[in-house]
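Trainee: Just so we're aligned, residue 1 is where the sequence shown starts under our numbering, counting upward by one.
Using N, Cα and C, we set each Cβ at its ideal position, and we do this for glycine too.
First, the structure itself, so that you have it in front of you.
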Amino acid sequence: MNKLFFFILVAAASALLSSCTDHSPRSEEAKQAIAESNAIYFQAFVKNDSSIFINRHAEDACIMAPNAPLMCGRTEAAKFFRAAYDNYGMRNGKFITTNVYGNGAEFVTEEGIWQSLDANGTLFDEGKFLVLWKKTKDGWKMYRDSFSSNRNLKQSTKR
């Protein structure tokens, strides 16, 4: 009886885990587009070019930053970029995608961790994120960007 229970448990866990990751051609296309966009994203801060940042987002995108109101649309994305660059000293960073969920038909969700670097290449903040990506006429774009720091507010703003 214990062997049967163990077999059923392992089979159920395997089925659950395999259902979490979609390897369809559409989801693979989305994963590749996300990786390409993420590779470009921080160049906006390296070059102080908000257009690179804004173009990573859909026209109707919303940035859902911690301790801040919802910021939707390209004008708000530009304001977010300026604040990150001017007020926080963001000059580079890194995304590490840990998973992508969805079948890639219209939306996929990216989960991961991020790091923010200043002009000296020093890590000044880090955290986790969820991004809902939307397939648009211009390709895959960030549609909802939600993130939070792993540091408390006093640590994050000390420089």
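Kindly list the residues whose CB is nearer than 8 Å to the CB of Thr98, restricted to its own chain and excluding five residues on each side of it in sequence; keep chain order.
Mentor: Excluding residues within five positions, the ones whose Cβ falls inside 8 Å are Glu111, Gly112, Ile113.
Trainee: Which one or two residues does DSSP pair with Gly112 in a beta bridge?
Mentor: Beta-bridge pairing links Gly112 to Thr97, Phe129.
Trainee: Is the segment 22–35 touching the segment 68–79 in the sense that three or more CB pairs, one from each, lie closer than 8 Å?
Mentor: No, the segment 68–79 is not in contact with the segment 22–35.
Trainee: Which ranges does the beta strand (DSSP E) cover as unbroken runs of at least 3 residues, wholly within the segment 23–85, from first to last along the chain?
Mentor: Segments of the beta strand (DSSP E) lying fully in the segment 23–85: 57–64.
Trainee: DSSP on Asn87, reduced to helix/strand/coil?
Mentor: Looking at Asn87 - three-state DSSP - the assignment turns out to be helix.
Trainee: Output the distance between the C-alpha atoms of Arg56 and Gln32, rounded to the nearest integer angstrom.
Mentor: In a straight line, the C-alpha of Arg56 is about 14 Å away from that of Gln32.
Trainee: Flag this pair as yes or no: are the beta carbons of Arg82 and Glu59 separated by less than 8 Å?
Mentor: In this structure, Glu59 does not lie closer than 8 Å to Arg82 by Cβ.
Trainee: I need the DSSP call for Asn92, collapsed to helix, strand or coil.
Mentor: Three-state DSSP puts Asn92 in a strand.
Trainee: Is Asn92 near Val131, with beta carbons less than 8 Å apart?
Mentor: No, the pair does not count as a contact, with Cβ atoms beyond the cut-off.
Trainee: Determine the direct distance from the alpha carbon of Thr109 to that of Ala77, and round the result to whole angstroms.
Mentor: One C-alpha to the other measures close to 20 Å.
Trainee: Hey, how far is the Cα of Thr122 from the Cα of Lys94?
Mentor: Cα to Cα, the separation comes out at about 12 Å.
Trainee: Tell me whether Arg144 sits in a helix, a strand or coil according to DSSP, three-state version.
Mentor: Strand at Arg144.
Trainee: Skipping 5 residues on each side, what residues in its chain have a beta carbon closer than 6 Å to that of Lys128?
Mentor: Excluding residues within five positions, the ones whose Cβ falls inside 6 Å are Ile113.
Trainee: Go through its chain and collect everything with a Cβ distance to Met64's Cβ below 7 Å, but skip five positions before and after it.
Mentor: Closer than 7 Å at Cβ, skipping near neighbours: Leu70, Arg144, Asp145, Ser146.
Trainee: Are the CB atoms of Phe53 and Gly89 within a distance shorter than 8 Å?
Mentor: Going by C-beta atoms, Gly89 is not nearer than 8 Å to Phe53.
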